[in-house]
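A.B. asks:
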Amino acid sequence: MTLKLTRRFICQLFVRRFASNDSSITPIDPNKDLTIKKPSEISTKKRAFTLINPQTVHQIKRIDDVPIQNEMDFIRHRLTEKRVKNIPIETDILIIGGAIKGSAIAFFLKQRAPDLKVTILERDWNYTTSSTVLSAGGLRQQFALEENIQMSIYGAEFLKHIRDHLSILDNDPVPVSFHHNGYLLCGSEKSVKLFEENYQTQTSLGAKLKLLTPNMLKKQFPWLNTDGIEIGCFGVQNEGWLDPWALLTAFRQKALSLGVLYLNAELVGFDKVKRVWADGTIENQMDKALILSAEDNRIYPMDATFVINAAGPWAGEVAKMAGIGVSDQYPVALPVEPR
């Protein structure tokens with residue numbers, strides 16, 4: 001049975017930044033998206049790592065790009081098509097992005113449902129442009145939103161017991177080198193009330209923090225210039241920095257040991273199908289994810305029950321492929337883009 005996705009199909013197949021020399025592919029009008037924007041509102045397109053080479057983009061072909069007259073032709077082709085080793089026809093969960101978020105999601109899913117087929121797409125196999133390895137690896141609990149505070153507290157507890165979570169057999173996970181140095185936030189006289197309110201929320205949820213007056217700040221941090229500072233908040237426990245590459249490696253190795261499949265591939269779009277409802281309404285829905293393999297530069301369709309967007313700064317681009325922000329059904333775009 002063909003597994004159906006739940007989002008609408010975005011019309012264009014390839015990443016917009018590249019034009020194709022293949023006459024079978026309709027090029028995108030570069031002025032199409034500019035008609036509703038003022039010149040001052042048009043930002044420079046951010047460059048991102050991609051498997052699509054502008055010199056060879058016209059050579060990219062779909063493996064099932066053959067005439068199919070009926071359902072039996074389709075079934076026969078799916079059974080005999082030549083696919084790159086390890087690229088499955090279908091998966092239960094397809095995760096776009098294999099850095100810290102995608103790997104952690106896969107780990108927690110496999111822990112709760114070991115029989116799930118989980119597949120991760122990661123186009124940057126060495127994570128050279130990944131936000132995970134380019135980040136400072138900071139962990140703090142000083143937020144105003146309760147959900148953020150609770151996630152940080154859970155993250156600190158997870159790191160304390162990382163061997164129980166991410167060890168493979170009797171081997172220790174990669175050491176993440178978590179340094180409990182704490183975060184210090186300072187505010188002016190106008191911020192005193194806000195600091196006190198946030199402090200009450202944070203400590204009520206279990207965060208270990210300490211409010212500091214200017215004199216206390218000078219005593220604890222003699223190098224700090226306290227001119228204009230009326231209040232400070234310092235993380236006494238469970239705040240600091242870690243090695244993000246090491247944590248990513250630990251999550252990835254554990255996910256692999258649980259049977260998660262990592263593919264060096266890029267999502268380039270979705271197939272669409274027309275669904276006719278009982279009232280005669282016709283709706284375009286997403287069907288198969290279209291996967292560009294780095295191994296042979298070919299596009300493979302893949303069925304998935306659920307698709308999880310863990311593409312980090314490029315999550316907005318993935319959302320547009322699913323019709324979010326570019327269709328009448330989902331008119332609000334995901335407000336995420338690379339800086």
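In terms of the UniProt record's numbering, the sequence shown has 218 at position 218, counting the first letter as 1, and numbering is strictly consecutive.
Don't be surprised by glycine CBs; every beta carbon is placed ideally from N, CA and C.
What is the residue span of the beta strand (DSSP E) that VAL276 lies within?
C.D. replies: Start at 1 with the first residue of the sequence shown, and residue 276 comes out as number 276. Residues 265 to 276.
A.B. asks: Per DSSP, what kind of secondary structure is residue 347 in: helix, strand or coil?
C.D. replies: Residue 347 cannot be examined here, being either before or after the span of the chain that is shown, 1 to 339.
A.B. asks: With a threshold of 8 angstroms, are at least 3 pairs of Cβ atoms found where one atom belongs to the segment 245 to 257 and the other to the segment 209 to 228?
C.D. replies: No, because fewer than three Cβ pairs between the segment 245 to 257 and the segment 209 to 228 fall closer than 8 angstroms, the two stretches do not touch.
A.B. asks: Buried or exposed for ARG123, please, with buried defined as at least 16 other CB atoms from any protein chain shown within 10 angstroms of its CB.
C.D. replies: Position 123 of the sequence shown holds residue 123. That one is buried.
A.B. asks: Going by DSSP, what residue range makes up the beta strand (DSSP E) through TYR154?
C.D. replies: Looking up residue 154 in the sequence shown gives position 154. Unbroken run through TYR154 is the alpha helix (DSSP H), 146 to 160; no beta strand (DSSP E).
A.B. asks: Count the other CB atoms, across all protein chains shown, that sit within 10 Å of the CB of LEU145; report buried if there are 16 or more and exposed otherwise.
C.D. replies: As a working mapping, residue 145 is identified with position 145 in the sequence shown. With fewer than 16 other Cβ atoms within 10 Å, it is exposed.
A.B. asks: Quickly, what does DSSP pair LEU205 with across the bridge? List them, please.
C.D. replies: Start at 1 with the first residue of the sequence shown, and residue 205 comes out as number 205. Its beta-bridge partners do not exist; DSSP assigns none.
A.B. asks: Cα separation between ILE93 and ASP227?
C.D. replies: Within the sequence shown, numbered from 1, the residue matching residue 93 stands at position 93. Within the sequence shown, numbered from 1, the residue matching residue 227 stands at position 227. Between ILE93 and ASP227, the C-alpha separation is close to 53 angstroms.
A.B. asks: Under the three-state reduction of DSSP, which class applies to HIS179: helix, strand or coil?
C.D. replies: Position 179 of the sequence shown holds residue 179. If DSSP states are grouped into helix, strand and coil, HIS179 belongs with the strands.
A.B. asks: Residues bridged to LYS210 by DSSP?
C.D. replies: Looking up residue 210 in the sequence shown gives position 210. In the DSSP output, where bridge partners are listed per residue, LYS210 has PHE234.
A.B. asks: Output the distance between the C-alpha atoms of PHE18 and GLN55, rounded to the nearest integer angstrom.
C.D. replies: Working through the sequence shown from its first residue, we reach residue 18 at position 18. Working through the sequence shown from its first residue, we reach residue 55 at position 55. Note that PHE18 has pLDDT 34, beneath the 50 cutoff, so the model's placement of it is unreliable and the number below is only indicative. Approximately 9 angstroms between the Cα atoms of the pair.
A.B. asks: Return helix, strand or coil for VAL260, following the three-state DSSP convention.
C.D. replies: Residue numbering aside, residue 260 sits at position 260 when the sequence shown is read from its first letter. Coil, per DSSP.
A.B. asks: Only counting the same chain, and skipping five residues up and downstream in sequence, which positions put a Cβ closer than 7 angstroms to that of TYR199?
C.D. replies: Sequence index remark: in the sequence shown, residue 199 carries index 199 (1-based). Around TYR199: LEU209, LEU211, CYS233.
A.B. asks: Please return the same chain residues whose Cβ sits closer than 8 angstroms to the Cβ of residue 341, not counting the five positions on each side in sequence.
C.D. replies: Limits of the chain in this structure are 1 at one end and 339 at the other, which puts residue 341 out of reach.
A.B. asks: So THR132 is in the alpha helix (DSSP H); what residue range does that whole segment cover?
C.D. replies: Locating residue 132 in the sequence shown gives position 132, counting from the first residue. From DSSP, the alpha helix (DSSP H) with THR132 extends over 131 to 134.
A.B. asks: Do GLY98 and GLY312 have their CB atoms nearer than 8 angstroms?
C.D. replies: The residue you call residue 98 lines up with position 98 of the sequence shown. The residue you call residue 312 lines up with position 312 of the sequence shown. No, they are not a contact pair.
A.B. asks: So what does DSSP say about GLY316, is it helix, strand or coil?
C.D. replies: Working through the sequence shown from its first residue, we reach residue 316 at position 316. In the structure shown, GLY316 sits in a helix (DSSP, three-state: H, G or I).
A.B. asks: Per DSSP, ILE120 is paired with what?
C.D. replies: Taking the sequence shown and counting its residues from 1, one reaches residue 120 at position 120. DSSP, once it has assigned bridges, lists ILE95, TYR262 as partnering ILE120.
A.B. asks: How about VAL133 and PRO244: do their beta carbons lie closer than 8 angstroms?
C.D. replies: Locating residue 133 in the sequence shown gives position 133, counting from the first residue. Locating residue 244 in the sequence shown gives position 244, counting from the first residue. The answer is yes: Cβ separation under 8 angstroms.
A.B. asks: Which residues in the same chain have their Cβ closer than 8 angstroms to the Cβ of ILE282, if we skip the five residues on either side of it in sequence?
C.D. replies: Residue 282 sits at position 282 when you count from the first residue of the sequence shown. Excluding positions up to five away in sequence, the list reads LYS274, ARG275, VAL276.
A.B. asks: Under a three-way DSSP split, which group does THR305 fall into?
C.D. replies: Position 305 of the sequence shown, counted from the start, is the residue given in the question as residue 305. Strand at THR305.
A.B. asks: Quick one: grab the DSSP three-state call for LYS190.
C.D. replies: The count along the sequence shown starts at 1 and reaches residue 190 at position 190. Here LYS190 sits in helix by DSSP.
A.B. asks: Do you know whose CA, among ASN309, LYS288, ALA106, GLU295, lies nearest PRO301's CA?
C.D. replies: Position 301 of the sequence shown, counted from the first residue, corresponds to residue 301. Of the listed residues, the one whose Cα sits closest to PRO301 is LYS288.
A.B. asks: Indicate the three-state DSSP secondary structure (helix, strand or coil) for ASP287 in the structure shown.
C.D. replies: If you number the sequence shown from 1, residue 287 lands on position 287. Note: ASP287 maps to strand in three-state DSSP.
A.B. asks: Which of helix, strand or coil does DSSP assign to SER103?
C.D. replies: In the sequence shown, residue 103 corresponds to position 103, counting from 1. Note: SER103 maps to helix in three-state DSSP.
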